[in-house]
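Have a look at the structure below, then the notes.
Protein chains in written order, with this note's numbering: chain B, 1 to 113; chain A, 1001 to 1114.
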């Protein structure tokens, strides 16, 4: 089955800890995205990448980092600098860029202990 | 500033009622418009999109949306809703360049009473 997988489904972070959210796609898409979803605020773009080894900051990149070493993978690290990390994180991909339909993963809910 | 407004945060309807969810945008230049839907426990998925041509766009599951350029609107409609339409609906907009990021609205939660 083609699609996007995210793991884990739930993630707990302790104070001062960095955590990494996984996102993998087997759709052969060039572009991948990370969004943060908060109640009543819709989706906000954290980072996006249109090709391997290249990525750009979105609207709320502070406290987050990403890497794109493989076309299929786009992990997101939530660093200790992100002071309000509790949210639902969605990964998406599209064939080439923003002009195509985005396909979303199931999401990871991050909670702070 | 670029933005998308969905004024209805939560809509409650009975089955067979007609639906219209509002979406207004602020974005310079020519736009693409999208409606995405998130059913309970499922991935966010595309419902329909407008890129050009006929401003009345038909999507999956009987949904349609009309792009009214003069009103900067892209309202979602369905003539008769079903219980299975219970979901959260997001309107989104972007420009025509490949680097033009998508801006999402805050979403409208639709609850259908059986």
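Ideal Cβ placement from N, Cα and C applies to all residues, glycine included.
Cα-Cα separation, residue i to residue j
i: residue 1069 (chain A); j: residue 1021 (chain A); result: 17 Å
i: residue 81 (chain B); j: residue 44 (chain B); result: 18 Å
i: residue 24 (chain B); j: residue 72 (chain B); result: 5 Å
i: residue 1112 (chain A); j: residue 69 (chain B); result: 44 Å
i: residue 1108 (chain A); j: residue 28 (chain B); result: 32 Å
i: residue 56 (chain B); j: residue 63 (chain B); result: 14 Å
i: residue 1007 (chain A); j: residue 41 (chain B); result: 12 Å
i: residue 84 (chain B); j: residue 1010 (chain A); result: 25 Å
i: residue 1023 (chain A); j: residue 1076 (chain A); result: 8 Å
i: residue 1029 (chain A); j: residue 34 (chain B); result: 25 Å
i: residue 47 (chain B); j: residue 101 (chain B); result: 17 Å
i: residue 103 (chain B); j: residue 111 (chain B); result: 24 Å
i: residue 1019 (chain A); j: residue 1059 (chain A); result: 14 Å
i: residue 1013 (chain A); j: residue 1079 (chain A); result: 12 Å
i: residue 105 (chain B); j: residue 1054 (chain A); result: 31 Å
i: residue 3 (chain B); j: residue 1037 (chain A); result: 17 Å
i: residue 1042 (chain A); j: residue 92 (chain B); result: 14 Å
i: residue 1097 (chain A); j: residue 1114 (chain A); result: 43 Å
i: residue 53 (chain B); j: residue 21 (chain B); result: 18 Å
i: residue 1015 (chain A); j: residue 17 (chain B); result: 47 Å
i: residue 1017 (chain A); j: residue 1065 (chain A); result: 17 Å
i: residue 61 (chain B); j: residue 75 (chain B); result: 14 Å
Where residue i meets chain B, residues with beta-carbon distance less than 8 Å
i: residue 1105 (chain A); result: 42
i: residue 1090 (chain A); result: 42, 43
i: residue 1049 (chain A); result: 101
Contacts that residue i makes with chain A (C-beta to C-beta distance below 7 Å)
i: residue 106 (chain B); result: 1043
Sub-8 Å separation of residue i and residue j beta-carbons
i: residue 116 (chain B); j: residue 95 (chain B); result: Residue 116 (chain B) cannot be examined here, being either before or after the span of chain B that is shown, 1 to 113.
i: residue 113 (chain B); j: residue 36 (chain B); result: no
i: residue 1081 (chain A); j: residue 1032 (chain A); result: no
i: residue 1087 (chain A); j: residue 1039 (chain A); result: yes
i: residue 11 (chain B); j: residue 1044 (chain A); result: no
i: residue 66 (chain B); j: residue 19 (chain B); result: no
i: residue 1063 (chain A); j: residue 1046 (chain A); result: no
i: residue 1115 (chain A); j: residue 1034 (chain A); result: Because chain A in this structure spans residues 1001 to 1114, residue 1115 (chain A) falls outside the shown range and cannot be described.
i: residue 1056 (chain A); j: residue 1085 (chain A); result: no
i: residue 1003 (chain A); j: residue 1102 (chain A); result: no
Contact belief for residue i with residue j at Cβ below 8 Å, rounded distance in angstroms
i: residue 31 (chain B); j: residue 50 (chain B); result: 5 Å
i: residue 114 (chain B); j: residue 1052 (chain A); result: Outside the modelled stretch of chain B, which goes from 1 to 113, sits residue 114 (chain B), for which no answer is possible.
i: residue 1091 (chain A); j: residue 1074 (chain A); result: 6 Å
i: residue 1105 (chain A); j: residue 1005 (chain A); result: 6 Å
Contact set between residue i and chain B, taken where Cβ atoms lie within less than 9 Å
i: residue 1102 (chain A); result: 33, 43, 45, 98, 102
i: residue 1009 (chain A); result: 40
i: residue 1094 (chain A); result: 98, 99
i: residue 1052 (chain A); result: Simply none; closest approach about 11 Å.
i: residue 1014 (chain A); result: Ordered by position in chain B, no residue passes the 9 Å Cβ test against residue 1014 (chain A), which lies about 25 Å from the chain.
Residues that residue i contacts on chain B, provided the C-beta gap is smaller than 7 Å
i: residue 1033 (chain A); result: Correct list: empty, because the minimum Cβ distance to chain B is about 12 Å.
i: residue 1046 (chain A); result: 101
i: residue 1111 (chain A); result: The contacting residues do not exist; residue 1111 (chain A) stays about 15 Å from chain B at best.
i: residue 1003 (chain A); result: Per Cβ cutoff of 7 Å: no residues; residue 1003 (chain A) is ~10 Å from chain B at best.
Per-residue contacts from residue i into chain E (C-beta, under 8 Å)
i: residue 1026 (chain A); result: You won't find chain E in this structure, because its protein chains are B and A.
Amino acids of chain A, ordered along the chain, whose beta-carbon sits closer than 8 Å to that of residue i
i: residue 58 (chain B); result: 1101
Members of the stretch 71–98 of chain B near chain A, C-beta cut-off 9 Å: 90, 92, 96, 97, 98
Which of the residues in the stretch 21–47 of chain B, read from start to end, lie with their CB under 7 Å from any CB of chain A? For the stretch 21–47 of chain B, which is checked against every Cβ of chain A, the residues closer than 7 Å are 40, 41, 42, 43, 45.
Short-range partners of chain B found in the stretch 1049–1082 of chain A, where Cβ spacing is below 9 Å: Those would be 1049, 1051, in chain order.
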